[in-house]
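Here the structure is laid out as structure tokens; the discussion comes afterwards.
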DNA sequence: TCCATATTGGAGTATACGCTACAGTTCTGG
DNA sequence: CCAGAACTGTAGCGTATACTCCAATATGGA
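Residue numbers (the working numbering), protein chains in the order written: chain D, 23 to 212; chain A, 23 to 212.
Following this line, the structure appears as structure tokens:
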């Protein structure tokens, strides 16, 4: 089912509309009606290009996550600080989309097996990247230990991100800094 | 509008039904129809006793959280380990209800101001309890530092809990132990 | 040019759900 | 025992939603 050019363009238009609605009105504002109105497209056209509304939403969220990746090529050159920074940036700068991400991961992931697996997989990939970076910085670490630490660190980041999204006065970057192994000043115990 | 005895009993019946449905079918299974059928009650009776479906759900979740509180009297005798343990127990043992809690906190909290404030408040209370316990165990800590640590610790616990709920193979208790300040030489088993 | 295939719009479908109106029944304090 | 308040069940209202159907039209490779 090769696409014609117009179809591809319409697809882009739909994704833009979805992204915009997601950013401005949260996940609640994204109804099929809203998307098709915003994109100037009929419902039939939408379903000619997407299998479901969720597919469009996922696509947008995926794009937002990729946009802050410090090493999109997978060259293995990212540091722990880079990765933490990327996570914090995603949570604070693209906060409307980060909200959606958490709402999907938690709200739907805890209910829907398929989504849960999707979330777990992407989470594990992230854990691996954190663990790799950690080992690159502290070569004395065993892989198992690095993974364990990465897991706890990502959990903490997720929790901090949640706090930040719920309470905008919460300074996520400040707290996230403490998670890094060697803090320049104020040595935090571990 | 003082309640009659029958009304109070009906209320209990509705809460039991809600709790049961919540545990067995998750938040999706809890429709008004399901509740009223399970409780042998008409919709009219339900709304005579509750303002909304949510009220009943909140009530059930609140009860489940209180049930694992290591110091329900607020005597100030709970240790950090107690608090962590209670959190882990809530997440793992009452996992269906913990799921609901997170779904409400995240799914609705990120959308609905009222719910967000509710969640933030209860979160702050928990942070304070963790910080107090931490100070009791390490009297050299300043209140600000204790709070900061408590915040990060709770964030990590929340994140770990999320992992545990998404992936049942994830051993939350194991990871949570690492968060405590002084690990007494990795003693396995409990 | 031809024509198989892709695209389009939007009215219409199916359905689910929270909640209410209301008339009849039960409760309970005095 | 009785008056007024609380309680009860049923029927159905109102609304919102994702998605389908299909006839008409556009596209672009041969």
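By construction, the Cβ of each residue, glycine as well, lies at the ideal position given by its N, Cα and C atoms.
Taking the runs of the alpha helix (DSSP H) that are 4 residues or longer, which of them lie wholly in the region 97 to 129 of chain A?
102 to 114, 117 to 124
Start-to-end residues for the alpha helix (DSSP H) that takes in residue 201/D
Segment: none, residue 201/D is in no alpha helix (DSSP H) and carries neither H nor E.
In this structure, how does DSSP classify residue 74/D when only helix, strand and coil are distinguished?
coil
Could you check whether the Cβ of residue 154/A sits closer than 9 Å to any Cβ belonging to chain D?
no
On a CA-only basis, which of 132/D, 58/D, 72/D, 112/D is nearest residue 185/A? Give me that one, please.
132/D
Considering only residues of the same chain and omitting the five flanking positions on each side of residue 187/D, which have a CB-CB separation below 8 Å?
113, 117, 120, 121, 124
Contact list for residue 102/A against chain D, beta-carbon separation under 7 Å
Under the 7 Å cutoff, chain D gives no residues; its nearest Cβ is about 13 Å from residue 102/A.
Which of the three DSSP states, helix, strand or coil, is assigned to residue 168/A?
helix
Mind checking residue 148/D: buried by the 16 CB within 10 Å criterion, or exposed?
buried
Closest Cβ-Cβ distance between residue 159/A and chain D: below 9 Å?
no
Is DSSP giving residue 64/A helix, strand or coil here?
coil
Cβ neighbours of residue 178/A in the same chain (closer than 7 Å, five flanking residues each side left out):
201
If you measure beta-carbon to beta-carbon, which residues of the region 116 to 127 of chain A are closer than 7 Å to chain D?
121, 124, 125
Assuming residue 90/A and residue 111/A are in contact, meaning their beta carbons sit under 8 Å apart, how far apart are those beta carbons, in whole angstroms?
Contact between residue 90/A and residue 111/A holds: their C-beta atoms lie close to 5 Å from each other, under 8 Å.
Nearest residue (CA-CA) to residue 135/D, options 64/A, 159/A, 190/A, 77/A
Ranking the options by Cα distance to residue 135/D, first place goes to 190/A.
Neighbouring residues, chain A, relative to residue 133/D (Cβ below 9 Å)
Within 9 Å Cβ-Cβ: 48, 49, 50, 121, 125.
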